[in-house]
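Under my numbering, the first residue of the sequence shown carries the number 65, and numbering increases by one thereafter.
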Amino acid sequence: MNRGAFLTAAGIAAAGVIGVKVAAAALRVHVGDTLHSGTGSWLGAPTRFTYAFQRHKTGTPWVEMQDGADAAYLVAPSDVGSVLRVQVTAYNPYASLPASSLPTGVVRR
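Below, the structure written as structure tokens:
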């Protein structure tokens with residue numbers, strides 16, 4: 065069963081520099097769920113976006129599991145016990161900057 069947990073990231077920009085503002089994240093995530101990222105709301109006319117899904121366990125740094133153009137991530141057994149987030153990077157002709165979602169709840173089986 066796909067519960068369709070949803071992550072979002074949002075940002076603001078001024079004078080061609082994209083700034084960061086974080087929006088809400090999914091609370092309950094299970095193996096087999098698909099996380100979807102939106103682009104969020106940006107000023108500064110971004111022309112493209114990339115998505116980096118990341119995992120974190122207590123005492124460890126954030127680790128990228130998937131990086132690129134895909135705005136969806138299938139939660140894997142290796143994610144159990146971790147929290148997840150997505151980092152959306154917006155690009156315009158003058159700058160690029162990432163915005164990270166809030167983390168999910170701890171991934172369960």
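Beta carbons: idealized from backbone N, C-alpha and C, even for Gly. Quick caveat: nothing in here was measured; it's all calculated off a predicted structure.
Note to self: So, with DSSP's three-state summary, where would you put S165?
What the structure shows: Locating residue 165 in the sequence shown gives position 101, where the first residue counts as 1. It is coil, neither helix nor strand.
Checklist line | Alpha-carbon spacing of A159 relative to A140, whole angstroms | finding: For the purposes of this step, residue 159 is taken as the residue at position 95 of the sequence shown. For the purposes of this step, residue 140 is taken as the residue at position 76 of the sequence shown. Going from the Cα of A159 to the Cα of A140 covers about 33 Å.
Margin query: In the DSSP output, which residue or residues are listed as bridge partners for D131?
Written below: For the purposes of this step, residue 131 is taken as the residue at position 67 of the sequence shown. D131 pairs with A116.
Check: For R149, which residues from the same chain have a beta carbon less than 6 Å from its beta carbon, with the 5 sequence-adjacent residues on both sides left out?
Finding: Locating residue 149 in the sequence shown gives position 85, where the first residue counts as 1. Here the set comprises Q118, S164, S165, P167.
Note to self: In the DSSP assignment, the beta strand (DSSP E) including A136 goes from what residue to what residue?
What the structure shows: To locate residue 136, count along the sequence shown from 1; it is residue 72. Unbroken beta strand (DSSP E) run through A136: 136-138.
Checklist line | Buried or exposed (CB count within 10 angstroms, at least 16 for buried), G145 | finding: Locating residue 145 in the sequence shown gives position 81, counting from the first residue. It counts as exposed.
Next item on the list: Assuming Y115 and D134 form a contact by the criterion Cβ under 8 Å, report the distance between their Cβ atoms to the nearest whole angstrom.
Entry: As a first step, residue 115 is located in the sequence shown; it is residue number 51 there, counting from the start. As a first step, residue 134 is located in the sequence shown; it is residue number 70 there, counting from the start. Yes, Y115 and D134 are in contact; Cβ-Cβ is about 6 Å, under 8 Å.
Margin query: Using CA atoms only, rank isn't needed, just tell me which of R173, T153, H94 is closest to P162.
Written below: Indexing the sequence shown from 1 puts residue 162 at position 98. That would be T153, whose Cα lies nearest to the Cα of P162.
Margin query: Taking the alpha-carbon of H94 as reference, which of Q151, D143, P157 has the nearest alpha-carbon?
Written below: As a position in the sequence shown, residue 94 is number 30, starting the count at 1. Nearest of Q151, D143, P157 to H94, Cα basis: D143.
Note to self: Within the continuous beta strand (DSSP E) that includes V170, where are the two ends?
What the structure shows: Locating residue 170 in the sequence shown gives position 106, where the first residue counts as 1. Where V170 is concerned, there is no enclosing beta strand (DSSP E), given that its DSSP letter is neither H nor E.
Note to self: So the candidates are P157, L138, V170; which of them puts its Cα closest to the Cα of T111?
What the structure shows: Within the sequence shown, numbered from 1, the residue matching residue 111 stands at position 47. The shortest Cα separation from T111 among P157, L138, V170 belongs to P157.
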